[in-house]
Structures are given as C-alpha cells and as structure tokens.
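Peer 1:
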Amino acid sequence: MACTHDHSCEDHDCSSSWSLFKHIDLSKVTALNEATPGSVKSVFKAWEERLSSSGEHLESNEGDPELLVYIPFTSDVKIKSISVVGGADGTSPSKMRVFINRDGIDFSDAQGMQPVQEWDLVENLQGVLEYQTRYSKFQSVASITLHFPESFGGDTTQIHYIGFKGEATQLKRDVVATIVYEITPNPSDHKTRAETGGGLSHVE
Amino acid sequence: MVLEATMICIDNSEWMRNGDYSPSRFQAQADAVNLICGAKTQSNPENTVGVLTMAGKGVRVLVTPTSDLGKILACMHGLEIGGEMNLAAGIQVAQLALKHRQNKKQQQRIIVFAGSPIKHDKKSLEMIGRKLKKNSVALDIVNFGEDDEGKMEKLEALLAAVNNNDTSHIVHVSAGPNALSDVLMSTPIFTGDGEGGSGFAAAAAAAAAAGGVSGFEFGVDPNLDPELALALRVSMEEERARQEAAAKKAAEEASKQEKGGEEQSSSQEATMTEHASGGTSEADNKKNDLSDDDNALLQQALAMSMDEPASSHDLQDMEMPDVAADDPELALALQLSVQDSTKDSSSQTDMSKLLADQSFVSSILASLPGVDPNDPSVKEVLASMQSQSEKQDEDKATEEEEK
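Chains as they are written, first to last, in numbering that gives the first Met the number 0: chain Z, 0 to 203; chain U, 0 to 402.
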C-alpha cells in the first residue's frame, strides 16, 4: 500500500494532501501509557517535517509497548488514509486498531471492543507508506482513537509521526454542551412584542 | 482547579479500634475523609468524590463518585469496624468505579488510607501500581496506624510504580497529639499539587486551630470583600463591647446595685446606637463627609456612639449626665460613686454633658457652616442620640418605680 499516485514522491509535493493535521484539536489530544505526559502532541506535524524528530516523540512506558492515542478534530473529517512513522530497533508498532467517535476509551475497553478497522503495520521509517481506510466507514469522524497493542519486539513503542489524509467538512458533530430545561416558563424570558415595544417595524 | 474524580478507600478493619489517634483511629480517619471531600468539591465544583470500604465482609462501594457532599457525609455514618483490609482488591475496585465515571474528562485519583498491616507482597502491589500508571490514575496513600515490618517499603514501592510526574503522593502519619486531619491538611493530598485547595486549607486551618496557616482575619480577604470584612470586624467589636459591659456590670454590681439595670441598658444602648447609626458603611460615610475643622463636635458624637468600650466607662459617664440633667439628686449620688474617675474621663464627662443636651446640639449644628440639620445622616445621628436619651428616661422611670 504505497503512495497511490504514479510518480515518485520527490517530484510531487504530497504535503498538501496530508493537511488534516491542521484540523486536529491539539489541546485535547491525549495518550495512555506514554512515558512523558504531553509528548503525544509532538507527533502531529506537517508532512515535510515527519522525519525531523527534534528529540520529541511519543514513547510508551518501559517494558510495556502498548499505546492508546485519542485524537479529536475541530470539525468532522473524512479520512482516506493514515500514515505512521515508528522508531528504530523494533520499537515501531506492529498493529494498529482504530475506533471512531468514542471518548474515554482505556486499555481494557480497547482490548475488548471490535475496532472499526485494523491493520498490520510494517516498519516505516521513511514515512512513505500509507494505510488506506475503508472510506465508507470514515465519513464523519469527529474523533479517532488509535490503539497500538504491540511493537516489533522492542521494549517500548516509539512513534515519531502520525498523518491523516482526507478532507475536512465544515460540520461539527458537537454534543450539546449546555441545555437549560424549563419546568415552568419564566415570563421575563418570553417578552411579547407588545411589551418590548414592537408593533410597528423599523426600517433601517 | 484540576477537574478530578476521586475514590477514597477507607480502612475499617479491626485495627481501627485502637485509640492511639484520638478519639479512635477510625474516627480520625472519618474526619480526614470529610475534610478531603470538602476540599475536593470546593476546589472545583465539578469534582466528584466516591467512597468505598476495604475491610468488613469485603470491598464495598458506599458512594459512587458524586459531587453531592451530603451524600458522602451521610454514608460515613453507621460504618462498622471489623475484618481485614484487602488493599489490592480495594484499589482495583476503586479503579473500576473511576472507569465508569460519568464525566470522562475528569482526571482519575484514588486516595487510600492504609491503617492495618498489608498482607500482599511487594510484587503484586507493584503490578497494581503499573496498571494504574498505564491508565493514568493517580494514587495518594495515607500511611497511619499499624507499622509492621515491610509495610512502609511495600507502600513506597507501590507509589514508585504508580507515580507519573509527581502526581501521586504518600504521607506517613504517626500517632501523637496532632489530629490526622490536621497533619493531612498541609500535605499535597489536600492542596492538590500546589494549586486550588490551599484556600480551603487556610480557612479550615484558621477555623480548626488558633492562628492557622495563612488565614486572613475572620477568614475573609479584605481585598476581595471589604464590606464583609468590615462588617465582621465591627460585629466582633460589638460583641467585645457587650461582653466587657457585662463584665463591668458583674464587677460593679456590689457597689452599684441600683445602677445595675442602668448599665445593662447602657450596654444595650451601645449596640442600639451602633445599629441606629445605620450600619458601619454609612457611619463611615458620615465620618468622611464631615471635615474635622468644622464638625469636631459631631464627629466626637459619632466616635462615642461607635466607640470601642474599652471606654465603656465613658459610655457610663455619658449616661450619667443624661440622667443628671433631669434629676439633680441622682446626679449627686452618681458623682459620689464615681469619684475615682480619671481626668480624661472627667473632661470627657464635661463634653458629653454638653452634648447630651439635645437642644444645645441642634443649635450648634444649625450654626455650623456646611452642616444642614436636615441632612439625613445628621438626622440619623440626632435620632440615635435621642433614642439614647429616651432609653434613659425609660430607665429612670422604672428606677423610680422600683424606689
């Protein structure tokens, strides 16, 4: 599953199509079992910078290669493919399972639930491989959770870059945040036109 | 102000009957739990707290995480002591309860009170700790009560396994004069990693022990709420006034029995006058309105009406001339009985004699430039002085009836 266009990547600038990282709500990205809290945010960057690890990458805790990354988007997106750059020496993740539009998954949930799609990954140190999704299932994604259960034999799992290819819609799949239910109506909230001096309309 | 869901694991095993923490280990623990619940809910109103017991017949969740403090306090009643604590099961059940919290945005935290010996081995505790760390659950351990060999190491190992960036803590509390809750109040368990709860801790400390941690006077910050702080201060002075007046009355009752009623009413009047001055802020405004040069007399009247009754003596003096104006015989008796009055009070007595005369005061006011007798604040002061003299007339009337 290499780059799907029929020319080498050096000529064509692929970065514009990997632009979904702009729609990621970085402040709300979380990861479970990360060694350094907050290091997961360094993994989302422009496609050109996918290999320039300025020292910051996502690493799991010592002796436990499992990782769970929760990524909310600022608007609904359609994801066509995902690219993951792992670490060297067997610290790349070997499998990836994704869940869509679910908050607050933890490891026991992730291990028990059926993922929307799962892939067997290969070591992709140059970041030229992308993994296509079953597009029909990834049509309106507000948040995506990536579960990496194991690595290629390393003690930890390292991830240097995660990229999404697709398009962003302008819609937001927002849960209604604050609702005020009225048991009895409050007259001051329901002024009639007569009270507010309506009647004749103004022409401005 | 971090948004958190907390599960508190209580040790209600047989070891909690011991009285080396007063009143008993269990009671000290319950107090600490109540304080923690209060601190958590106060630092962020959306925080939730739940409680479970680890001993007894088995691990039992008393309250699932809720922000309703009443529910938590209610469930602490009627807890029975017995059995052996099962630390591992308790922590795991707590983790499960937190997993099913309603608001997934809350951080997860478990607070464990470990008072009895721990029968698990270090390895299994470390595994539990790693599992907690993996699921980003923080753990606070309160080590108190029994201290058998290995307990401290096991708990330290558990903490090391859980600790992620210093979000987990352990506190060792040994038996002694300090209450468990007081010791906990200064630890990061209460202060929540240095933020938030320190305000609650300060207020609680000020309430619990005299001269608490940082606390402002009366627990209210004068910068945040000056009127409240002022009102509190004045009512404190009022109370002191009343108490001193009552003490004075008790002390002088032997020599001045007939005046006993008068003094009582005088202290009442002191309070009445203060009330009549229309509240402290208004009185302050009055003080600000009048300038020293022109209205020294008026200001003195105000000062006396609001005065701290370290000069209750003065108040007494003020009352006496009021009466004296009407009844010369009584005045003579009063003068004789107050022969040890100091020069200051006597000079003030002269002053107050003049002031006591209502008509004299109003004539002065009318002559003063810039003071309009119809000004409401001025009228109020006059009214207060008038009420004073009225009260005096009433007392005099009752006194004469008694005679």
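Idealized CB from N, CA, C, for every residue including glycine.
Because the structure is a prediction, the values reported are computed rather than measured.
1. Just the Cα atoms here: how many angstroms apart are Z:A34 and Z:N60?
2. Counting along the chain, where does the alpha helix (DSSP H) carrying Z:D95 start and finish?
3. Going along chain A, which residues have a C-beta under 9 angstroms from Z:D102?
4. Within the same chain, show all residues whose beta-carbon is closer than 6 angstroms to that of U:M75, passing over the 5 residues directly before and after it, in chain order.
5. When DSSP builds the beta bridges, which residues end up paired with U:F25?
6. Grab me the residues of U:S123's own chain with a C-beta within less than 7 angstroms of its C-beta, minus the 5 sequence neighbours each way, in chain order.
7. Let me know the secondary structure DSSP gives Z:G54 once reduced to three states.
8. What did DSSP end up calling U:G69 once you bin it into helix, strand or coil?
9. Ends of the beta strand (DSSP E) at Z:K164?
10. Does the beta-carbon distance from Z:L19 to Z:K164 come in below 8 angstroms?
11. How would you write the range of the alpha helix (DSSP H) that U:R239 sits in, first residue to last?
12. In its own chain, which residues sit with a C-beta less than 8 angstroms from the C-beta of U:K70, not counting the 5 before and 5 after it?
13. Buried or exposed: Z:Q157, going by 16 or more other Cβ atoms within 10 Å of its Cβ?
14. Which value, in whole angstroms, describes the spacing of the CA atoms of U:M235 and U:P176?
15. Can a CB atom of chain Z be found closer than 8 angstroms to the CB of U:K121?
16. Can you check which of these residues, Z:P186, Z:K136, Z:T155, Z:E65, is closest to Z:G109 by C-alpha distance?
17. Could you please give the first and the last residue of the uninterrupted beta strand (DSSP E) stretch that includes U:V92?
18. Quick one, which of Z:N32, Z:H146, Z:A141 has its alpha-carbon nearest Z:T168's?
19. By alpha-carbon positions, which one of Z:W118, Z:E47, Z:H22 ends up nearest to Z:F72?
20. Excluding sequence positions up to five away, which residues of its chain have a Cβ less than 7 angstroms from the Cβ of Z:S187?
21. Are there three or more Cβ pairs, one per stretch, closer than 8 angstroms when the segment 171-185 of chain U is compared with the segment 30-39 of chain U?
22. On the CB-based measure, 16 or more other CB atoms within 10 Å of its CB, does U:E145 come out buried or exposed?
23. What residues in the segment 31-49 of chain Z have a beta carbon less than 7 angstroms from any beta carbon of chain U?
24. By the 10 Å Cβ neighbour count, where 16 or more other Cβ atoms means buried, how is U:M15 classified, buried or exposed?
25. Do you know how far the Cα of U:R129 is from the Cα of Z:R49?
26. What's the call for Z:I182, buried or exposed, on a 16-neighbour Cβ count within 10 Å?
27. When the Cα atoms are used, what is the spatial distance from U:A73 to U:I80?
28. To be precise: take each residue of the segment 128-160 of chain U, compare its Cβ to all Cβ atoms of chain Z, and keep it if any distance is under 8 angstroms. Which residues remain?
29. When the Cα of U:K103 is compared with those of U:S115, U:V136, U:K118, U:A228, which residue comes out closest?
30. Return yes when the Cβ of U:Q91 is within less than 8 angstroms of the Cβ of U:E3, no when it is not.
31. Give the secondary structure of Z:E33 by DSSP, where H, G and I count as helix, E and B as strand, and everything else as coil.
32. On the three-state DSSP scale, how would you describe U:N142?
33. So, Z:S82 versus Z:L120, is the Cβ gap smaller than 8 angstroms?
34. Tell me whether Z:Q125 is buried or exposed, calling it buried when 16 or more other Cβ atoms sit within 10 Å of its Cβ.
35. Short of 7 angstroms in beta carbon distance, which residues of its chain neighbour Z:N32, apart from the five on each side in sequence? Order them along the chain.
36. Under 8 angstroms, Cβ to Cβ, is there at least one residue of chain U near Z:N185?
Peer 2: In brief:
1. Locating residue 34 of chain Z in the first sequence gives position 35, counting from the first residue. Locating residue 60 of chain Z in the first sequence gives position 61, counting from the first residue. Our two residues, Z:A34 and Z:N60, have alpha carbons roughly 5 angstroms apart in a direct line.
2. Stepping through the first sequence from its first residue, residue 95 of chain Z is reached at position 96. Correcting the residue type first, residue 95 of chain Z is Met in the shown sequence and not Asp. Premise fails: Z:M95 lies in the beta strand (DSSP E), 94-99, not in any alpha helix (DSSP H).
3. Within the model displayed, chain A is absent; protein chains Z and U are what it includes.
4. Within the second sequence, numbered from 1, the residue matching residue 75 of chain U stands at position 76. Excluding residues within five positions, the ones whose Cβ falls inside 6 angstroms are A29.
5. Start at 1 with the first residue of the second sequence, and residue 25 of chain U comes out as number 26. Looking at the DSSP assignment, U:F25 forms no beta bridge with any residue, so it has no partner.
6. What you label residue 123 of chain U is simply residue 124 of the second sequence in a count that begins at 1. Contacts found: A87.
7. The residue you call residue 54 of chain Z lines up with position 55 of the first sequence. The answer is coil: DSSP assigns Z:G54 none of H, G, I, E or B.
8. If you number the second sequence from 1, residue 69 of chain U lands on position 70. Under the three-state reduction of DSSP output, U:G69 falls in the helix class.
9. Start at 1 with the first residue of the first sequence, and residue 164 of chain Z comes out as number 165. Z:K164: member of the beta strand (DSSP E) spanning 157-167, first to last residue.
10. Residue 19 of chain Z sits at position 20 when you count from the first residue of the first sequence. Residue 164 of chain Z sits at position 165 when you count from the first residue of the first sequence. Yes, the pair counts as a contact, with Cβ atoms nearer than the cut-off.
11. In the second sequence, residue 239 of chain U corresponds to position 240, counting from 1. It spans 225-251 - the alpha helix (DSSP H) in which U:R239 sits, taken as one unbroken run.
12. For this step, residue 70 of chain U is matched to residue 71 along the second sequence. Counting only residues of its own chain and dropping the five nearest sequence neighbours on each side, U:K70 has a CB closer than 8 angstroms to the CB of V62.
13. Within the first sequence, residue 157 of chain Z is the residue found at index 158, counting from 1. By the beta-carbon neighbour count (other beta carbons within 10 angstroms, threshold 16), Z:Q157 is buried.
14. Within the second sequence, the letter at position 236 stands for residue 235 of chain U. Within the second sequence, the letter at position 177 stands for residue 176 of chain U. Taking the straight line joining both Cα atoms gives about 31 angstroms.
15. If you number the second sequence from 1, residue 121 of chain U lands on position 122. So, not an interface residue.
16. As a position in the first sequence, residue 109 of chain Z is number 110, starting the count at 1. Note that residue 109 of chain Z corresponds to Ala in the displayed sequence, not to Gly. Comparing Cα-Cα distances from Z:A109 to each of Z:P186, Z:K136, Z:T155, Z:E65, the minimum goes to Z:E65.
17. In the second sequence, residue 92 of chain U corresponds to position 93, counting from 1. Careful: U:V92 lies outside any beta strand (DSSP E), inside the alpha helix (DSSP H) at 86-98.
18. As a working mapping, residue 168 of chain Z is identified with position 169 in the first sequence. Z:A141 is the residue among Z:N32, Z:H146, Z:A141 whose C-alpha sits nearest the C-alpha of Z:T168.
19. Taking the first sequence and counting its residues from 1, the one referred to as residue 72 of chain Z is at position 73. Among Z:W118, Z:E47, Z:H22, the Cα nearest to that of Z:F72 is on Z:H22.
20. As a working note, residue 187 of chain Z is residue 188 in the first sequence. When the five nearest sequence neighbours on each side are left out, no beta carbon in the same chain lies closer than 7 angstroms to the beta carbon of Z:S187.
21. Between the segment 171-185 of chain U and the segment 30-39 of chain U there are three or more inter-stretch CB-CB distances shorter than 8 angstroms, so the stretches are counted as touching.
22. Position 146 of the second sequence, counted from the first residue, corresponds to residue 145 of chain U. That one is buried.
23. For chain U, the residues of the segment 31-49 of chain Z that bring a beta carbon within less than 7 angstroms of one of its beta carbons are L31, N32, P36, in chain order.
24. Here residue 15 of chain U refers to the residue found at position 16 of the second sequence. By the neighbour-count criterion, in which 16 or more other beta carbons inside 10 Å mark a residue as buried, U:M15 falls on the buried side.
25. Within the first sequence, numbered from 1, the residue matching residue 49 of chain Z stands at position 50. Within the second sequence, numbered from 1, the residue matching residue 129 of chain U stands at position 130. Their backbone Cα atoms lie some 31 angstroms apart in a straight line.
26. Looking up residue 182 of chain Z in the first sequence gives position 183. The Cβ neighbour count for Z:I182, taken over all protein chains shown within 10 Å, is under 16; the residue is labelled exposed.
27. As a working note, residue 73 of chain U is residue 74 in the second sequence. As a working note, residue 80 of chain U is residue 81 in the second sequence. About 17 angstroms.
28. Hits within the stretch, in order: R129, K132, K133, N134, S135.
29. Taking the second sequence and counting its residues from 1, one reaches residue 103 of chain U at position 104. Shortest Cα-Cα distance from U:K103 to any of U:S115, U:V136, U:K118, U:A228 involves U:V136.
30. For the purposes of this step, residue 3 of chain U is taken as the residue at position 4 of the second sequence. For the purposes of this step, residue 91 of chain U is taken as the residue at position 92 of the second sequence. Their beta carbons are not under 8 angstroms apart, which means U:E3 does not touch U:Q91 by this criterion.
31. Position 34 of the first sequence, counting from 1, holds the residue named residue 33 of chain Z. Looking at Z:E33 - three-state DSSP - the assignment turns out to be strand.
32. The sequence position of residue 142 of chain U within the second sequence is 143, counting from 1. Note: U:N142 maps to strand in three-state DSSP.
33. Residue numbering aside, residue 82 of chain Z sits at position 83 when the first sequence is read from its first letter. Residue numbering aside, residue 120 of chain Z sits at position 121 when the first sequence is read from its first letter. No, the pair does not count as a contact, with Cβ atoms beyond the cut-off.
34. For the purposes of this step, residue 125 of chain Z is taken as the residue at position 126 of the first sequence. With fewer than 16 Cβ atoms within 10 Å of its Cβ, Z:Q125 is classed as exposed.
35. Working through the first sequence from its first residue, we reach residue 32 of chain Z at position 33. Non-local C-beta neighbours of Z:N32 in its own chain, meaning closer than 7 angstroms and more than five positions away in sequence, comprise S59, N60, D63, E65, L66, L67, ordered along the chain.
36. Reading the first sequence from its first residue, position 186 is the one you call residue 185 of chain Z. Chain U contact via Cβ: absent.
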